[in-house]
Each structure stands twice: as C-alpha cells, then as structure tokens.
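Q: Pasting in a structure now, in structure tokens, and then I'll have a few things to ask.
Residue numbers (the working numbering): 97 to 491.
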C-alpha cells in the first residue's frame with residue numbers, strides 16, 4: 097500500500113489539523129522533484145519487487161495539482177512498483193476543483209476511485225467550516241465525475257457541528273444518499289489543538305454540540321445508511337457491498353504501507369516512521385545530495401514493542417465490523433495474551449456491547465459466512481456508542 101501526501105491548500109479549514117500549506121504553485125515543482133527523489137530512495141521499504149494493492153493520494157488538496165503533475169507522480173510510481181491488476185487508486189478532491197475538464201482529465205490517469213470532501217450540504221455550515229465550495233458545487237462535481245465515467249465515489253460528512261440540528265443532519269444524509277455514491281465516511285467534529293476551531297472554543301466563541309445530540313445524529317446515520325443498502329463496516333465508514341475502502345481497510349487490518357511526502361507515516365510491522373511536517377525542510381532534505389544517507393528511512397522512527405503492536409491491533413481491528421481476529425491475535429501475541437484479552441472483554445460481553453462471533457461480520461450485527469473456523473471479538477451496535485471506553489479498557 098502506498099500513501100502520497102499532497103500538502104497544498106488554497107486556504108485552511110477551521111477544523112483541520114492535517115499538515116498543509118498555502119504556498120503557491122512556485123513550490124509545487126520543487127515538491128514534486130523531492131517526492132520523486134523520496135520514491136527512489138525508499139522504493140524497497142515494502143520489500144523488493146513489491147506489488148501495490150492500493151494507492152491513496154491525500155492531503156491537503158490533491159485536486160489543486162494539474163493533471164500533468166499527477167501524471168508525473170503516477171509515472172514515477174510505475175517506475176518503482178507495479179500495480180496489482182485490481183489495485184484501488186484513490187484521489188482526494190475538493191468539489192470546487194472538479195470542472196468537466198478536470199474530471200475528464202482524470203480518466204487519463206490510473207485513478208479509479210475519488211474521495212470528495214463534502215462535509216455538509218448546508219451552505220451556512222460550509223462557510224463556518226471555511227470550506228471553499230457550496231452545496232451546488234458538490235452536485236456539479238459528482239455529475240462531472242459520472243459524465244467522465246468515474247463511478248466509484250466516496251464523500252465525507254461531519255456531524256456534531258455547532259448549531260447543527262437533528263433536522264439539519266437528516267437533510268445532509270438525505271442529500272448524500274440521493275447521490276450515486278458508493279461510500280460514505282462520517283465523523284463527529286473534533287476540536288484539535290492548534291486549529292482555528294480549537295482557539296474559538298477556548299475563547300468562548302464556539303460551543304461544542306451537545307453529546308446526546310451527537311449520539312442521536314450518529315444513530316440516525318446508522319439507520320439511514322442501512323435503509324440505503326450501505327454496510328456499516330467500520331465505526332465511521334459505510335459502503336455498498338464489495339465497495340469498502342480497501343486502502344483504509346488495510347490500515348485497520350495491520351497491513352504494511354509506505355507514506356511519502358511531508359508528515360506522511362509508514363509502517364512495516366516492526367517500526368513506524370514519519371517525515372517532518374514541514375514542506376520546505378522536506379524539499380531541502382531530498383534535494384540532490386541532501387538525502388544521500390537516507391536510504392529507505394524516514395526522518396523519524398519508532399520501534400514498536402510487542403505491547404505497542406498488541407494495543408494497536410486492538411485499537412484498529414475493533415473499529416471494524418468483523419472485529420479482532422482472535423486466531424491471528426493468538427498467533428501474533430501468544431495464547432496467554434489472547435486469554436487475557438478475552439478476560440478483560442467479559443464484562444462487555446455480558447452487558448451486550450461486545451460479542452464473540454464464530455464468523456466474521458461485514459457490517460455491524462450482520463454475520464458473513466466466510467472464516468467459519470475462526471472466532472472474532474466485535475463491537476455490537478450498542479457498543480458503538482461507547483467504543484472509545486471499551487477499546488481503552490481492553491489494552
């Protein structure tokens with residue numbers, strides 16, 4: 097799996113704590129050269145002759161790059177790795193960037209999935225979030241992509257917004273599921289330190305949404321998605337059958353991945369590595385000669401102890417509908433650790449927030465007839481509402 101971080105934005109959204117910069121197009125060429133240099137130096141990170149099952153180009157705002165720049169990136173990728181015949185290749189876009197010409201230009205690239213940052217269909221909420229687009233532009237962008245033949249479409253929404261009523265959220269969901277999308281990610285608004293939203297809350301200018309209202313919005317999300325035929329396959333993610341996000345599912349399943357670009361993270365099962373979140377430093381580091389001793393390493397790394405890997409497995413796998421694969425857990429961490437996990441899980445099994453399944457589930461509460469000889473520890477629908485507390489208590 098390969099992730100590439102495009103750090104450019106025209107403006108910064110009020111809530112976003114992902115690394116980005118509003119540097120102009122003059123820096124983009126230097127960034128692309130540095131990115132290609134990092135690819136060359138780190139091409140063996142995932143092993144020799146590695147075949148990529150997925151590529152995800154995120155940001156930032158990748159759709160700020162012209163098709164020539166994106167084509168340059170994909171050409172560099174193909175020079176170092178082969179793509180699996182069924183590889184998922186996702187590009188993040190902003191609705192206001194997706195003109196008919198832009199959508200058509202994407203068909204000249206290996207992109208077969210588009211993830212669009214919608215966040216809301218309420219223009220007042222979009223202005224509050226400092227999003228650049230309007231609800232009308234979302235509909236235009238979706239139409240442009242469909243007209244270009246790009247049909248695997250995902251959108252993001254945010255709930256728990258200040259002043260957002262249950263009726264507002266129902267309107268967002270109605271409009272979302274009226275679109276020909278295959279995937280929906282929906283997240284509760286979070287107040288991350290360092291963001292403009294966090295500062296406004298600290299200054300008393302913004303009040304967080306009531307927790308009970310946010311829970312009601314989440315419950316409505318689950319119900320509305322089920323009616324639309326979407327599988328609830330991860331706490332915050334819903335998809336039509338067979339169209340789950342394979343790249344992100346790889347993260348939750350513990351697959352190895354390489355991250356390129358400033359602030360990008362990598363994982364090889366032994367350590368986690370990441371680049372400094374500073375574009376100009378990143379460019380300087382990968383200028384000719386400056387990164388001669390980098391090898392396949394990022395600027396920073398952390399060796400993962402067995403305990404850290406065990407906790408991360410619990411944290412990520414329990415977010416999935418299928419839950420924790422206990423057979424694999426026992427194989428990776430030992431039968432004693434598996435028994436200890438099940439002992440800690442007993443109170444939650446007894447109160448109906450966790451369940452032991454003989455088969456994996458492809459949606460919360462819906463068994464899948466595969467993996468019949470294995471057991472899985474999973475959240476129930478009731479457990480979804482207290483998932484953070486449950487997960488932390490299982491460490």
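Every residue, glycine too, gets a C-beta built ideally from N, C-alpha and C.
Which same chain residues, not among the five before or five after residue 469, have their C-beta less than 7 Å away from its C-beta?
A: Because residue 469 sits at a pLDDT of 46, beneath the cut-off of 50, its placement in the model cannot be relied upon, and the following sentence gives the value as read from the coordinates. Correct list: empty, nothing qualifies.
Q: For the beta strand (DSSP E) that residue 212 lies in, which residues bound it at each end?
A: From DSSP, the beta strand (DSSP E) with residue 212 extends over 209-215.
Q: From the DSSP output, in three-state form, read off residue 327 for me.
A: Three-state result, residue 327: strand.
Q: Please report the residue range of the beta strand (DSSP E) in which residue 187 lies.
A: Per DSSP, residue 187 belongs to the beta strand (DSSP E) from 178-189.
Q: Using DSSP with H/G/I as helix, E/B as strand and the rest coil, what is residue 284?
A: If DSSP states are grouped into helix, strand and coil, residue 284 belongs with the strands.
Q: Give me the Cα-Cα distance between residue 319 and residue 328, rounded to the nearest whole angstrom.
A: For residue 319 and residue 328, the distance between alpha carbons rounds to 10 Å.
Q: Select from 134, 443 and 150 the residue whose C-alpha is nearest the C-alpha of residue 99.
A: Ranking the options by Cα distance to residue 99, first place goes to 150.
Q: Can you give the Cα-Cα distance for residue 249 and residue 335, rounded to whole angstroms?
A: Rounded to whole angstroms, residue 249 to residue 335 spans 10 Å at the Cα level.
Q: Helix, strand or coil: which one does DSSP assign to residue 468?
A: Its pLDDT being 47, under 50, residue 468 is placed unreliably in this model, and the value from its coordinates should be taken loosely. Coil at residue 468, not helix or strand.
Q: Express the C-alpha separation of residue 225 and residue 301 in angstroms, rounding to a whole number.
A: Each residue's Cα considered, the two are about 14 Å apart.
Q: Taking all protein chains shown into account, do 16 or more other C-beta atoms lie within 10 angstroms of the C-beta of residue 104, making it buried, or fewer, making it exposed?
A: Classification for residue 104: buried.
Q: On the criterion of 16 or more Cβ atoms from any shown chain inside 10 Å, does residue 232 qualify as buried, or is it exposed?
A: Residue 232 is exposed by the Cβ-count criterion.
Q: In the DSSP assignment, find the unbroken beta strand (DSSP E) run with residue 297 in it and report its ends.
A: Residue 297 -> not in any beta strand (DSSP E); alpha helix (DSSP H) instead, spanning 292-298.
Q: Mind the definition here: the region 247-264 touches the region 118-138 only if three or more C-beta pairs lie below 8 Å; say whether that holds.
A: The region 247-264 is not in contact with the region 118-138.
Q: Just how far apart, CA to CA, sit residue 407 and residue 367?
A: If you take the alpha carbons of residue 407 and residue 367, they lie about 14 Å apart.
Q: Considering only the alpha carbon of each residue, which of 201, 178, 144 and 188 lies closest to residue 163?
A: Of 201, 178, 144 and 188, the residue nearest in Cα terms is 201.
Q: Between the region 371-383 and the region 429-448, are three or more C-beta pairs nearer than 8 Å?
A: No, because fewer than three Cβ pairs between the region 371-383 and the region 429-448 fall closer than 8 Å, the two stretches do not touch.
Q: Ends of the beta strand (DSSP E) at residue 234?
A: Counting along the chain, residue 234 falls outside any beta strand (DSSP E), though it belongs to the alpha helix (DSSP H) covering 231-243.
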